[in-house]
Amino acid sequence: MERTGSQSFALYVGLAVVCGILLFPIYWLFVTALSTLAEIRQLPPSFWPAEPQWSTFTKVASERPILLWLWNSTLAAIGSVGLSMIVSVFAGYSLSRFSLRGGRSLGLFILTAKMLPATLLVIPLFGIFRSIGLIGSLWSLVLAHATLIIPFTTWMLKGYFDTIPRELEQAAMVDGCSPLGAMFRVVLPVATPGLAATALYAFVLSWADYAYARTFLTNAQGSWTANLGITTMKGEYVTDWNEISAAAVFIALPILVIYLFLERYLVGGLTAGAEK
Amino acid sequence: MAGISIQNVYKNYGALNVLKEFSLEIADGEFVVLVGPSGCGKSTMLKILAGLEPASGGKILIGDKDVTDLAPGDRDIAMVFQNYALYPHLTVGQNIGFGLKMRGTPKAEIDKRVREVAKILAVDHLLERRPKALSGGQRQRVALGRAIVREPRAFLMDEPLSNLDAKLRVHTRAEISALHKRIGVTTVYVTHDQIEAMTMADRVVIMRDGVIQQIADPDTLFARPANLFVAGFIGSPGMNFLRARVEGGRLTLFGQTFDAPAGVGAGEVIVGIRPEHLALGQGNITFTVKPTLVESLGSEKYVYFEPGAHAYAASRDEERGKGLIARIAHAGPIREGKELLLSFDASEIHLFDAETEKAMN
Chain A
10 MERTGSQSFA LYVGLAVVCG ILLFPIYWLF VTALSTLAEI RQLPPSFWPA
60 EPQWSTFTKV ASERPILLWL WNSTLAAIGS VGLSMIVSVF AGYSLSRFSL
110 RGGRSLGLFI LTAKMLPATL LVIPLFGIFR SIGLIGSLWS LVLAHATLII
160 PFTTWMLKGY FDTIPRELEQ AAMVDGCSPL GAMFRVVLPV ATPGLAATAL
210 YAFVLSWADY AYARTFLTNA QGSWTANLGI TTMKGEYVTD WNEISAAAVF
260 IALPILVIYL FLERYLVGGL TAGAEK
Chain B
43 MAGISIQNVY KNYGALNVLK EFSLEIADGE FVVLVGPSGC GKSTMLKILA
93 GLEPASGGKI LIGDKDVTDL APGDRDIAMV FQNYALYPHL TVGQNIGFGL
143 KMRGTPKAEI DKRVREVAKI LAVDHLLERR PKALSGGQRQ RVALGRAIVR
193 EPRAFLMDEP LSNLDAKLRV HTRAEISALH KRIGVTTVYV THDQIEAMTM
243 ADRVVIMRDG VIQQIADPDT LFARPANLFV AGFIGSPGMN FLRARVEGGR
293 LTLFGQTFDA PAGVGAGEVI VGIRPEHLAL GQGNITFTVK PTLVESLGSE
343 KYVYFEPGAH AYAASRDEER GKGLIARIAH AGPIREGKEL LLSFDASEIH
393 LFDAETEKAM N
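In the order they appear, the protein sequences are chains A and B.
For the first sequence, my numbering assigns the number 10 to the initial residue and increments by one for each residue that follows.
For the second sequence, my numbering assigns the number 43 to the initial residue and increments by one for each residue that follows.
This is the structure in structure tokens:
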């Protein structure tokens with residue numbers, strides 16, 4: 010059915026409004042980073058600074074250890090994504106393909122773990138990490154994030170593997186692959202969009218964490234992640250909101266770049282199973 | 043190439059027995075079709091043969107080698123799947139050569155054999171494409187190519203034509219038969235389509251509820267079905283079944299009494315008459331019917347009529363109710379509700395035991 014002119018107009022207006030609502034906070038972050046403190050405080054607010062303060066970015070990069078914080082966030086995210094993906098690829102594949110005794114209950118148990126709020130685990134994890142000497146180490150974040158991420162990624166990947174016909178593995182096995190060989194040579198390459206979407210989701214979960222970093226890393230400044238570091242930029246009496254916004258832009262950039270690079274996989278991954 | 047021996051293979055899923063004591067000897071180079079309705083166990087048997095499902099018991103030999111406990115890749119068989127199962131991330135050439143690569147064949151040899159096979163199947167111009175860029179028929183050819191390139195000892199085919207449209211199915215059916223004649227590899231083919239079974243097979247194995255009903259060549263199956271199920275399954279439209287009685291060696295049908303085949307004792311029987319054995323006008327046994335429906339196919343007409351007191355509903359024909367059908371070639375005008383003279387030859391009827399449903403003549 011073709012759209013009429015008025016329907017198209019309504020559709021585009023609707024899309025423009027939704028995009029405006031979604032993009033406005035990002036735009037406002039940039040405007041704040043480029044504004045002077047006086048412009049930030051003025052009423053009515055200015056929607057674009059008279060003279061954009063690009064120097065705020067260089068100032069933040071040179072005067073604050075933002076690059077170190079980003080590096081720590083990156084290490085924690087890569088570690089937790091790597092660990093989570095290794096575990097959840099095998100777990101998701103097993104749940105998808107094998108009808109094991111108790112497998113269904115185990116799957117549901119993993120699902121319930123998804124429902125636990127992250128903060129509920131902070132205290133027991135703190136106790137465990139203190140007893141094994143991981144407090145202050147990025148490893149504590151890697152492990153803590155993995156406990157949070159694995160239930161999500163396992164179920165995401167199980168859902169994705171369910172959409173891949175079993176006949177592909179069976180064909181590979183008839184062609185001479187072992188079951189594990191069929192998984193690595195056929196299933197995982199076919200599942201690339203799902204793997205990319207899941208890994209990105211896991212990366213964002215780890216990157217966005219504050220509670221675990223605040224609890225496990227507070228006394229080890231050299232291990233601070235970006236989200237933890239940025240909160241220390243707020244002063245007791247004076248806060249340079251333009252600098253905090255510039256730092257926030259630095260933190261948001263890696264996720265945006267990854268989204269741009271993985272976009273074509275993500276669309277495929279998130280819409281998998283929507284067609285026969 | 044090799045023959046296949048399946049000895050007393052059965053398969054249970056818990057208490058559910060899906061395949062019961064299946065035994066079959068397949069000669070080297072033979073084309074055997076397993077056919078039956080959904081859930082009859084034919085695909086399970088094929089998967090057990092391929093090593094994709096373990097048997098609960100029994101033994102399978104390919105050639106002289108016991109392969110019962112071997113992995114699929116060690117059985118030296120190739121399989122064509124219903125949905126083709128082409129690897130979507132590989133090109134056509136890589137798909138065809140995948141099995142050779144897994145067996146450590148040198149790259150130059152793989153390239154040579156892939157090109158040869160692609161040429162045979164007329165997909166040599168598609169070698170660099172990915173499966174998603176192929177039509178259904180082309181995908182089917184690539185799936186066949188992947189099977190034949192390894193020169194296996196046996197081909198297993200699991201409803202390979204069911205995803206094709208009717209025209210392409212007829213064409214590909216002929217191609218597979220021609221390919222089998224050309225390379226002569228032992229083939230086990232699974233289908234639920236009796237026309238595929240009848241047109242392609244050297245021998246057909248008819249299955250129902252995990253049990254073999256009859257193993258025979260297509261002509262024998264049609265002419266001498268072993269039981270009511272086989273009689274109803276083979277033939278299109280299916281055989282007409284009527285309830286009748288034999289008394290004193292004489293059978294009464296449509297008000298006519300005639301000699302029953304020799305050796306048939308007194309009692310109730312099921313009479314089978316193929317729709318194409320019913321003719322228009324006077325004949326050996328003649329009777330009058332009132333058509334309830336007439337379907338014209340151009341060259342022939344399907345005339346439906348009520349069986350009256352002889353009503354018997356075999357499971358396969360429940361969909362057309364208890365009505366009988368006559369397949370009349372080159373018929374003139376036939377109108378619904380207007381009386382019509384039909385006849386059949388008593389020698390062409392089939393008799394089945396009303397209790398055991400086994401053939402009596």
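Each residue gets a CB set at the ideal place from its N, CA and C atoms; glycine is no exception.
Task: Option nearest L79/A by Cα separation, candidates D171/A, A217/A, C186/A - done: A217/A
Task: Contact check, G179/B vs L206/B, beta carbons under 9 angstroms - done: yes
Task: G141/B - containing beta strand (DSSP E), residue span - done: No beta strand (DSSP E) contains G141/B, which is instead part of the alpha helix (DSSP H) from 134-144.
Open item on the list: With a threshold of 9 angstroms between beta carbons, is N125/B in contact with chain A?
Closed with: yes
- [ ] Please compile the residues from chain A whose C-beta is within a distance smaller than 7 angstroms of the C-beta of G141/B.
- [x] D184, G185
Task: For D395/B, the residue or residues it bridges with in DSSP - done: V311/B
- [ ] Would you mind sorting I141/A into buried or exposed? The rule is 16 or more other CB atoms within 10 Å of its CB.
- [x] exposed
Task: Per DSSP, cross-strand counterpart(s) of R369/B - done: Y344/B
Open item on the list: Determine whether the beta carbon atoms of Y210/A and F161/A lie at a separation below 9 angstroms.
Closed with: yes
Task: Environment of S108/A [buried if 16+ CB atoms lie within 10 Å] - done: exposed
Task: Reduced DSSP category for S47/B - H, G, I as helix; E, B as strand; rest coil - done: strand
Open item on the list: For a test of your reading of the model: does the CB of V195/A fall under 8 angstroms from any non-hydrogen atom of the ligand MN? Yes or no.
Closed with: No copy of the ligand MN appears in this structure; indeed no ligand is present at all.
- [ ] Report the rounded CA-to-CA distance for K68/A versus S15/A, giving the unit in angstroms.
- [x] 50 angstroms
Open item on the list: Against I119/B, what residues of chain D qualify as contacts under a CB-to-CB distance less than 9 angstroms, listed in chain order?
Closed with: This model lacks chain D altogether; the protein chains it does include are A and B.
TODO: Please check if any C-beta of chain A sits within less than 9 angstroms of the C-beta of G314/B.
DONE: no
Open item on the list: Taking 8 angstroms as the cut-off, does the stretch 165-179 of chain A touch the stretch 239-247 of chain A (at least 3 CB pairs, one atom from each stretch)?
Closed with: no
TODO: Please state whether DSSP places A160/B in a helix, a strand or coil.
DONE: helix
TODO: Residues of the stretch 212-243 of chain B with a CB closer than 7 angstroms to any CB of chain A: list them in chain order, please.
DONE: none
TODO: Ignore the nearest five residues each way along the sequence and tell me which others in N54/B's own chain have a CB closer than 6 angstroms to its CB.
DONE: S98
TODO: Output yes if chain B places a C-beta closer than 9 angstroms to the C-beta of F98/A; else output no.
DONE: The question names Phe, but residue 98/A in the sequence shown is Val. Not one chain B Cβ lies under 9 angstroms of V98/A.
- [ ] May I ask you to list, following chain order, the residues of the stretch 98-114 of chain B that have a beta carbon less than 8 angstroms from some beta carbon of chain A?
- [x] A113, P114
Open item on the list: Which complete beta strand (DSSP E) runs does the stretch 108-146 of chain A hold, if anything under 3 residues is left out?
Closed with: none
Task: Terminal residues of the alpha helix (DSSP H) in which E217/B lies - done: 208-225
TODO: Note down the Cα distance separating V26/A from W57/A, rounded to an integer number of angstroms.
DONE: 20 angstroms
Open item on the list: For the stretch 169-191 of chain B, list every residue whose C-beta sits within 8 angstroms of some C-beta in chain A, in sequence order.
Closed with: R188
Open item on the list: With the cut-off set at 9 angstroms, would you say N251/A and A42/A are in Cβ contact?
Closed with: yes
Open item on the list: Alpha carbons only, please: which of R155/B, T241/B, N326/B is nearest the one belonging to T233/B?
Closed with: T241/B
Open item on the list: Quick check on the DSSP output: what are the complete alpha helix (DSSP H) runs of length 4 or more inside the stretch 208-274 of chain A, in order along the chain?
Closed with: 220-226, 235-240
Open item on the list: Assuming F300/B is part of the beta strand (DSSP E), what are its boundary residues?
Closed with: 298-301
TODO: Spatial neighbours of R223/A within its chain, please: CB distance less than 7 angstroms, with the 5 preceding and 5 following residues excluded, ordered by chain position.
DONE: L237
Task: Other residues of its chain near I276/B: CB distance less than 6 angstroms, five sequence neighbours each side excluded - done: Q236, L263, F264
Open item on the list: Short of 8 angstroms Cβ to Cβ, which residues in the stretch 145-179 of chain A face chain B?
Closed with: P174, E176, L177, Q179
Task: Neighbourhood of D166/B by C-beta distance below 6 angstroms, restricted to the same chain and skipping five residues each side - done: A160
- [ ] Measuring only between beta-carbons, confirm whether M87/B sits less than 9 angstroms from chain A.
- [x] no
- [ ] In the DSSP assignment, find the unbroken beta strand (DSSP E) run with S85/B in it and report its ends.
- [x] No beta strand (DSSP E) holds S85/B; the alpha helix (DSSP H) holding it covers 84-92.
Task: Beta-ladder partner(s) of I327/B, from DSSP - done: F386/B
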